[in-house]
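**Q** Note that my numbering has the sequence shown beginning at 426, numbered continuously upward.
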Amino acid sequence: MGDLAKVPHVLDSREVAEMVGKRHANLIRDIENYIEVMGKNSKLSSSNFFIERTYKQAGNGKEVKRYDITKKGCEMVANKLTGEKGILFTAEYVERFNQMEQADAIPRVTPNPHYRTRMIGTAVRDVGKTAEALEKVFGCRHGMALATASSMVGEAYGIDMTPVQRLIPAEDNPGTLSPSQIAESLGLFNKQGNPDAQTVNRMLQSCGLQDKPRDTSGANLKNAKWFLTEEGKFYGEQKPMDNKRTGYRGYQICWNADVLSLLRKTMN
426 MGDLAKVPHV LDSREVAEMV GKRHANLIRD IENYIEVMGK NSKLSSSNFF
476 IERTYKQAGN GKEVKRYDIT KKGCEMVANK LTGEKGILFT AEYVERFNQM
526 EQADAIPRVT PNPHYRTRMI GTAVRDVGKT AEALEKVFGC RHGMALATAS
576 SMVGEAYGID MTPVQRLIPA EDNPGTLSPS QIAESLGLFN KQGNPDAQTV
626 NRMLQSCGLQ DKPRDTSGAN LKNAKWFLTE EGKFYGEQKP MDNKRTGYRG
676 YQICWNADVL SLLRKTMN
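1) Smallest Cα separation from Met544: which of Gly579, Ile494, Glu457 and Ala572?
2) Within 10 angstroms of its Cβ, does Val562 collect 16 or more other Cβ (buried), or is it exposed?
3) Could you tell me which residues DSSP puts in a beta bridge with Ile678?
4) If you reduce the DSSP assignment to three classes, tell me which class Leu653 lands in.
5) Once you ignore the five residues that flank Gly484 on each side, which residues in its own chain have a CB closer than 6 Å to its CB?
6) Under 7 Å Cβ to Cβ from Ile678, same chain only, skipping five residues before and after it: list those, please.
7) On the three-state DSSP scale, how would you describe Gln635?
8) Does the Cβ-Cβ distance between Met444 and Phe514 come in under 7 Å?
9) Could you pull the start and end residues of the alpha helix (DSSP H) that Asp529 belongs to?
10) Which residue's Cα is closest to the Cα of Glu387: Lys465, Lys447 and Arg454?
11) Could you tell me the distance, in whole angstroms, from the CA atom of Asp437 to the CA atom of Leu452?
12) Can you tell me whether Ala558 is helix, strand or coil according to DSSP?
13) Enumerate in chain order the residues of its own chain whose CB-to-CB distance from Ala450 is below 7 Å, with the five nearest sequence positions on each side excluded.
14) I believe Arg639 touches Leu646 by the beta-carbon criterion, under 8 Å. Please report the beta-carbon distance rounded to the nearest angstrom.
15) Which residues does DSSP pair with Lys481 in a beta bridge?
16) Less than 6 Å between C-beta atoms, sequence neighbours within five positions excluded: which residues of the same chain meet that for Val589?
17) Are the Cβ atoms of Ile593 and Gly568 separated by less than 7 Å?
18) Where Glu655 and Cys632 are concerned, what is the direct C-alpha to C-alpha distance, given to the nearest angstrom?
19) Do you know whose CA, among Lys637, Lys658, Ala442 and Glu517, lies nearest Asn648's CA?
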């Protein structure tokens, strides 16, 4: 049996807009102009460069157009940039795609199909044991421990644990909002017209909900990650993130809806 065709690595057009310092709407306009021109040449397929997608806006659920941009598409965007901006974008997108390719190179366990049923049962039991250990050692929430454990065990056994993860009970007040989604809900946008996540992060810090490690002078350490304060744990949770598209592994703070009311008060 031949290998299945690999899904191309892509970057979200919203990410690319931030990387090049453009409004997302303007980048969409540029992309659609590229697609129109490529359509005049039957030898070219625009889907090798740009793949049309949609996403739902936070708050109103409205579907908005975006694009998945392949490495070839990023090269086309970069060719239209000049000077320092073009150099920085090229360096960043090349690094991102290299990370994704390196993640592909990690060997995966291929279990013997004759033992798959028995392996699934063992994997499910191991999820429970691993989750108990994570809760005990790290003091994390039960749902978060189960989600992390199922990913770890699934990777170790080479089994898709997605059906199991759907059975994990929801928290009473789960965190689902990213700083960008909060910014969109609050109507906070930067000069490029994108949700201003940086302003939201500063607001969350000023409210005492999150902070960064500090040096001996009390200043935030550069490039350090945000962490939840004790007060912040009432409004958010740090969730494990394994983004196979970008190759990033770590933790991301997700906020619940209650934080929107709190931040709106600070804006009045």
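Positions of the beta carbon are idealized from the N, C-alpha and C atoms, including for glycine.
Note that this is a predicted model, so its numbers are computed, not measured.
**A** So, to answer that:
1) Gly579
2) Around the beta carbon of Val562, a 10 Å sphere encloses fewer than 16 other beta carbons of the protein chains shown; the residue is thus reported as exposed.
3) According to DSSP, which records beta bridges pairwise, Ile678 is partnered with Gln663.
4) strand
5) Ser610
6) Here the set comprises Gln635, Trp651, Leu653, Gly661 and Gln663.
7) strand
8) yes
9) Gly508 to Asp529
10) An answer regarding residue 387 cannot be provided, because it is not within the stretch 426 to 693 covered by the chain.
11) Cα-Cα distance, rounded: 11 Å.
12) helix
13) Gly618
14) 6 Å
15) Glu488
16) Spatial neighbours of Val589 in its own chain (CB-CB distance under 6 Å, excluding positions within 5 residues in sequence) are listed in chain order as Ser575.
17) For the 7 Å CB-CB criterion, Ile593 and Gly568 form a contact.
18) 12 Å
19) Lys637
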